[in-house]
Amino acid sequence: MQSEYKHIMYKGKIVLEHRKIMEDIIKRPLEKEELVHHIDGNPWNNNIENLKIVTKEEHMKLHKKEPKTVELICDTCKIKFKRLLRMHKYKTKNKYKHKYCSKKCCIIGTEKYLTGNKYKGTSKFAKIIEKGLKKGLTPYAIAKQSGKFSKGTVYFYLKNKK
Ligand SMILES: [Zn+2]
Ligand SMILES: [Zn+2]
6 MQSEYKHIMY KGKIVLEHRK IMEDIIKRPL EKEELVHHID GNPWNNNIEN LKIVTKEEHM
66 KLHKKEPKTV ELICDTCKIK FKRLLRMHKY KTKNKYKHKY CSKKCCIIGT EKYLTGNKYK
126 GTSKFAKIIE KGLKKGLTPY AIAKQSGKFS KGTVYFYLKN KK
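Position 112 of the sequence shown, counting from 1, maps to 117 under my numbering, and the rest follow consecutively.
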C-alpha cells in the first residue's frame, strides 16, 4: 500500500520528507506537536511553498472537509443558494420538492403553496358561492344551502378571490 506521505532515507533512517524539508527550512528539529500541513491538499507536493507548520488543532480544522453542497434556486425569491448535498439528497428522497434559501422564504413559499391548494379546493364551489352572493345570501346561508361546505370556505373564497 502506498503511504499517504513521501518518505526518504536520512542518515540511515526512514523519515517523512515534508517534515525533513521543513526542518531544513527552520534549521531545527520539529517539535512533536508541530505538524507540517500541505497547503494544496496534496500530501505528495513537498514544495516549500506548499508546506506550513500548524498545531494539532489548526491541522484538524484544516482537514475537516468542507461539506459538499448543491446550488439551487429559491422558489420564493429566485436567487441562487447552496444547500448541503446530504440534506438535499434526503429532501429529494422524501419528496420535499420545494427549495427555499431561508426560513423567511420557506414561510412565504409554504403559505403561498398551501393557500393555492386550499383555494383550488374552494374554487370547486365558486359557482355555488357566486350564485348565493348574487342572491344576497350570507356566507352562512350559502354554506347551509349547499350542504357541501362550511361558511369558513365561503370566507376563504372571498378572501382569496382575485
Ligand atoms: Zn495537512
Ligand atoms: Zn429565497
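Where is the CB? At the ideal position from N, CA and C, for every residue including glycine.
These figures come from a predicted structure and were not determined experimentally.
Exercise for the section: Taking only the alpha-carbon atoms, compute the straight-line gap between I147 and G137 and give it to the nearest angstrom. Expected result: 6 angstroms
Local conformation of E116 per DSSP, three classes
helix
Mind checking whether the beta-carbon of T115 lies closer than 6 angstroms to any heavy atom of ligand 2? no
Open item on the list: I'd like to know if the region 155-165 and the region 113-133 are in contact, where contact means that at least 3 CB-CB pairs between them fall below 8 angstroms.
Closed with: Yes: the two stretches touch, three or more of their Cβ pairs being nearer than 8 angstroms.
Quiz prompt | contact_flag[the region 50-62, the region 25-42] where n(CB pairs < 8 angstroms) is 3 or more | solution = Touching, yes.
Using the beta-carbon count (16 or more within 10 Å), is R33 buried or exposed?
exposed
- Beta-carbon of V20 versus every beta-carbon of chain C: anything under 7 angstroms? This model lacks chain C altogether, as it is built from one protein chain only.
| said: My parser needs the beta strand (DSSP E) runs of 3 or more residues fully inside the region 85-141; what are they? | reply: The qualifying runs are 85-89.
Using only Cβ atoms and a threshold of 7 angstroms, which residues come within that distance of a heavy atom of ligand 2? Order them by chain position. Look at which beta carbons fall closer than 7 angstroms to any heavy atom of ligand 2; those residues are C79, T81, C82, I84, F86, Y105, C106, S107 and C110.
Open item on the list: For Q7 and N52, I'd like the C-alpha separation in whole angstroms.
Closed with: Any reading at Q7 must be qualified, since the residue scores a pLDDT of 41, below 50, and its modelled position is unreliable; no value is offered.
Point to revise | Closer than 6 angstroms: H170 CB and nearest ligand 1 heavy atom | key: Outside the modelled stretch of the chain, which goes from 6 to 167, sits residue 170, for which no answer is possible.
Kindly provide the chain-ordered list of residues whose Cβ lies closer than 6 angstroms to any non-hydrogen atom of ligand 1. H42, H43, H64, L67 and H68
| said: For L21, report the span of its alpha helix (DSSP H) as first-last. | reply: Looking at the DSSP string, L21 is not in any alpha helix (DSSP H); the run it does join, the beta strand (DSSP E), is K18 to L21.
- Under the three-state reduction of DSSP, which class applies to L40: helix, strand or coil? strand
Alpha-carbon spacing of G168 relative to S107, whole angstroms: The structure shown does not extend to residue 168, since the chain spans only 6 to 167, so no value can be given for it.
Query raised in the report: With 16 other CB atoms within 10 Å as the buried threshold, where does H12 fall?
Result: exposed
Q. In angstroms, rounded to a whole number, what distance separates the CA positions of Y10 and D80?
A. 46 angstroms
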